[in-house]
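See structure below.
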Amino acid sequence: MRDAMGPWAVAGPALSIGAQALADAEWLAQAGAARAADAARLDALLAPLGVIIGGTALFRLLATPAAPALFAHLGAHGLYVRRFQHDPTRLRFGLPGDAPGWARLEAALASFAPPSRAS
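So the sequence shown is numbered by my numbering: it starts at 28 and just counts up by one.
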């Protein structure tokens, strides 16, 4: 059965919707442009906090010495980003899905005060 279905089972209606979306060149172009604009918006929010070291149209990987404090701060605001056990200076941010999500992220980042570094 695994050989027939591959690694992920997908419901018939989802396959139908996906096939329709992928056949719609105009929708694909609009979705791609919207994700690119969203990624640029996320870049602008994250740039003051550290170095964006990678990502795709759907997420960004941020390197910052303040990652542990930022992770805790965002969590306290109900926002979850991925942290990496092998490198505690990195956080992965997904694109917010809607205007309220963007507003929550913007407010949380605006209220973040990175910890002072000892000299």
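From the three backbone atoms N, C-alpha and C, an ideal C-beta is built for every residue, glycine too.
Rounded C-alpha distance that separates residue i from residue j
i	j	result
L97	R109	11 Å
R62	A84	6 Å
S43	E53	18 Å
E133	L72	7 Å
V78	T116	10 Å
V37	L118	30 Å
F139	G39	44 Å
L106	A56	29 Å
Residue i (DSSP reduced to helix, strand or coil)
i	result
F111	coil
G128	helix
L106	coil
F139	coil
W35	coil
Residue interval of the beta strand (DSSP E) (run including residue i)
i	result
L88	86 to 90
L118	117 to 121
Unbroken alpha helix (DSSP H) run spanning residue i, endpoints
i	result
L49	39 to 50
Residues that residue i bridges to, as DSSP identifies them
i	result
I79	L89
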